[in-house]
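What follows is a set of notes on a single structure, which appears directly below.
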Amino acid sequence: MSTKPSVAIVPLGHYIYFQQFEGLREELGRKAAQFAACFGDDTEVFVTDYVDRVEQSFAVVRELRRRDVDGIFLLLTTYLPSSLAAPFANYLDAPQILVGIQPLDHLDYEKCTTYMQLVNDDICAMPEIAGVYLRLGRPMPPCIVAAAHQEARVRTQVRVWQRAIAARAAFRYAQFGYLGHTYEGMYDMNTDPTAFSAAFKAHVRMLEMCELKKYADAVPADAIARKIDTVKATFSIQDPSVDPLTDYVRDGDLEWSARMACALDEMVEQNHLTALAYYYKGEADNEYERMGAALIIGNTLLTSRGIPLAGEADLKTAAAMLIMNRIGGGGSFAELHPFDVTGNCVLVGHDGPHNIAISEGKPVLRKLKKYHGKAGSGIGVEFSLKAGPVTMLSINCRPDGRFRLVAAAGVSEAGRIPQTGNTNTRVTFPGRDVTDFIARWCEAGPTHHLALGVGNLLPEIKAFARIMGLDLTIVE
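Following this line, the structure appears as structure tokens:
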């Protein structure tokens, strides 16, 4: 469902210099290819024509509008008047980043010529251009500044912006499915679809259980058999644990869950969904209740493919999971569970949608006789995230309806978790008391759900918040 984001590198220079210094334009023109080599292959990167006059700026702007690019890196190759950058600010809404990569660590002051200085004048126009973005009322562009030998530094910074642009691109022209309604009484879950569209530019598509039933009724037997094969290859099916709510996973349970997983696949495909938030509260073991209770395997498989599903119809956390996925963290649906003073950690997990791509070992399936707090029974998914750095990301609304991000970095540590058919990851915050961290996290005003991902991705989240114009609180 995901496609590569598209970014443009626009090399900028000053035509007057090229009339004065033979060979300068050709030497500066080589900088674009050198910078393009810093990008990973998960982004479509192209270099535009070299721009040294305003007329060329307008021509390239028109090209970028036709291409509908997701991001723009304005590569300053020497001093240039800010009028060359202004059209990009005025006519393009894609995130724009100023880049000044100086060839030399320092000038050879005893032998330096004007030509040599111009070759190394990459940041000379950067303050002027940034100031013009301010005067034009446009978002202040981030700046990448380095010497050419600092390739690792450049690649790291490019990677951060590349991932942030990929996350933004995931919301463009996206459709978020909304099936059912939020869990009754969870005030923090309620989300205005119009406000969501204003903030993230995605469409919220309202879906009905009867559509899901139509797809479930039409699943052929061979598709169910293939899905069961996938489930058996992906998960470790476990006998009951010490928890009396657990039970044996029987053939009928697998067949029903596989049917509903196929139905979910069809709903996603037919509605062109990028993500889905869902919840159904059934009564008296009716068919819709049994359908809703059997979605955990299907939503976990989809989430693991990069199509996040959020339980309890939490649209905001579906967005957080999509961000986490596109910035490289995988992204599982989670909330805070009991803390452990002895281990100075807190269990972070949930029932429902998870990303098995970031599981520590083979994830477990357990049959649950009932879902605590929810209607029905069925198969649950149990695992911990891979050991190492992790990031938590939550999205909530301010009183004025604007969305805000709350994020923190911690560490997933290997250790025992409850055998309750839910995910649970032991998360520590080195150098901090876990109870103090929990208090600070809650005081930041998150929603009670969050996207949990692998890696310390706070730089990428900061970059995403900046290019989306969203408030961000980092809890430390």
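Throughout the sequence shown, residue numbering follows our numbering, covering 1188 to 1663 in sequence. Glycine included, every Cβ here is placed at the ideal spot set by N, Cα and C.
Helix, strand or coil: which one does DSSP assign to residue i?
i, result
"Met1188", "Residue placement at Met1188 is flagged as unreliable, the pLDDT there being 43, under the threshold of 50; a coordinate-derived value is accordingly withheld."
"Ala1382", "helix"
"Ser1546", "strand"
"Asp1129", "With the chain covering 1188 to 1663 only, the question about residue 1129 has no answer from this structure."
"Tyr1465", "strand"
"Tyr1365", "strand"
"Gly1632", "coil"
"Glu1474", "helix"
"Gly1498", "helix"
"Cys1397", "helix"
"Gln1344", "helix"
"Phe1226", "coil"
"Gly1564", "Looking at the sequence itself, residue 1564 is Ser, so the reference to Gly does not match. Here Ser1564 sits in coil by DSSP."
"Leu1299", "Before going further, note that residue 1299 is Cys rather than Leu in the sequence given. It is coil, neither helix nor strand."
"Ala1356", "helix"
"Gln1337", "coil"
"Val1406", "coil"
"Leu1592", "strand"
"Cys1330", "strand"
"Glu1522", "strand"
"Asp1434", "strand"
"Thr1504", "helix"
Based on DSSP bridge pairs, tell me the residues matched to residue i.
i, result
"Gly1575", "Ser1599"
"Ser1423", "Val1551"
"Thr1610", "His1537"
"Asp1527", "Cys1532"
"Arg1392", "Gly1364"
"Phe1260", "Ile1196, Ile1284"
"Gly1640", "Thr1578"
"Phe1233", "Ala1195"
"Cys1584", "Phe1590"
"Val1238", "Leu1199"
Does the beta-carbon of residue i have 16 or more other beta-carbons within 10 angstroms, so that it is buried, or is it exposed?
i, result
"Thr1301", "exposed"
"Val1593", "buried"
"Tyr1374", "exposed"
"Met1393", "exposed"
"Asp1257", "buried"
"Ala1420", "exposed"
"Gly1367", "buried"
"Phe1157", "Only positions 1188 to 1663 of the chain appear in this structure, which leaves residue 1157 out of reach."
"Gly1517", "buried"
"Glu1476", "buried"
"Asp1434", "buried"
"Met1327", "exposed"
"Glu1474", "exposed"
"Lys1503", "buried"
"Ile1648", "buried"
"Leu1644", "buried"
"Glu1209", "exposed"
"His1201", "buried"
Measuring alpha carbon to alpha carbon, tell me which of the options ends up nearest residue i.
i, options, result
"Ala1480", "Leu1451, Asp1257, Leu1460", "Leu1451"
"Gly1565", "Cys1629, Leu1279, Ile1484, Gly1372", "Ile1484"
"Ala1507", "Met1579, Gly1588, Thr1615, Leu1279", "Met1579"
"Ala1471", "Glu1395, Lys1561, Val1598, Phe1590", "Lys1561"
"Pro1646", "Leu1262, Gln1344, Val1535", "Gln1344"
"Asp1438", "Leu1552, Glu1456, Glu1371, Gln1283", "Leu1552"
"Tyr1360", "Asp1255, Glu1297, Ser1423, Leu1441", "Asp1255"
"Val1662", "Phe1363, Ile1625, Pro1605", "Ile1625"
"Asn1458", "Ile1494, Ile1424, Leu1482", "Ile1494"
"Thr1235", "Asp1229, Gln1243, Asp1501", "Gln1243"
"Gln1362", "Val1238, Met1396, Ala1505", "Ala1505"
"Phe1205", "Arg1355, Thr1461, Asp1280, Thr1264", "Thr1264"
"Leu1215", "Ile1284, Ala1224, Asn1307, Glu1297", "Asn1307"
"Gly1372", "Tyr1202, Val1238, Glu1499", "Glu1499"
"Met1454", "Tyr1365, Lys1388, Asp1409", "Tyr1365"
"Ile1604", "His1537, Thr1230, Asp1620, Asn1643", "His1537"
"Ala1595", "Thr1660, Ala1386, Asn1583", "Thr1660"
"Thr1190", "Thr1417, Gly1287, Asp1280, Glu1231", "Glu1231"
"Ile1288", "Asp1309, Pro1274, Gly1548", "Asp1309"
"Ala1389", "Ile1415, Tyr1370, Ala1356, Val1418", "Ala1356"
Is residue i near the ligand GTP, going by C-beta to nearest heavy atom under 7 Å?
i, result
"Ala1631", "Absence of the ligand GTP from the depicted structure is noted, as is the absence of any ligand whatsoever, leaving it without description."
Taking Cβ positions only, does residue i come closer than 8 Å to chain B?
i, result
"Tyr1402", "This model lacks chain B altogether, as it is built from one protein chain only."
Meets three-Cβ-pair contact criterion under 8 Å: the segment 1313-1320 and the segment 1214-1221: no
Evaluate the contact criterion for the segment 1428-1438 versus the segment 1470-1490: three or more CB pairs, one atom per stretch, below 8 Å. no
Does the structure place the segment 1527-1538 close enough to the segment 1397-1406 that three or more beta carbon pairs sit under 8 Å? no
At least three beta-carbon pairs within less than 8 Å, the segment 1191-1209 to the segment 1259-1273: yes
Decide yes or no for the touch test of the segment 1633-1646 against the segment 1514-1523: beta carbon pairs closer than 8 Å, at least 3 of them. yes
Can at least three beta-carbon pairs, one atom from the segment 1458-1467 and one from the segment 1332-1351, be found at a separation below 8 Å? no
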